[in-house]
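Notes follow the structure.
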Amino acid sequence: MSSATEEEAELRRRKIEEALEAKSLRRIISAYLNYLEAAEEDVKRFERSFRRIPVAHKVISSSSQLIDSFT
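In structure tokens, the structure reads:
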């Protein structure tokens, strides 16, 4: 490969890496900004899932005070 071709390949590789880094940074910032809402949705989803568990299974896991508060 010629020097010019190698430089072009290196430039393309750097641009791709920079784009991936920018994409990752946007995801990190978005996760930070939306953390509270995402956590609240997770809790709601866990509560809905728990309500669907058969009573017999809830009895097995009733030793936890947190679980008892959902029943």
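Residue numbers 1 to 71, in full-length UniProt numbering, belong to the letters of the sequence shown in order.
By construction, the Cβ of each residue, glycine as well, lies at the ideal position given by its N, Cα and C atoms.
Spatial distance of residue i from residue j (CA atoms)
i: Val59; j: Arg12; result: 60 Å
i: Leu36; j: Ile28; result: 14 Å
i: Lys44; j: Lys15; result: 41 Å
i: Leu25; j: Asp42; result: 23 Å
i: Arg52; j: Ala38; result: 21 Å
i: Arg48; j: Ala19; result: 39 Å
Which of helix, strand or coil DSSP assigns to residue i
i: Ile53; result: coil
i: Ser30; result: helix
i: Ser24; result: helix
Sequence-distant residues of its chain with Cβ nearer than 7 Å to residue i (five each side left out)
i: Glu8; result: none
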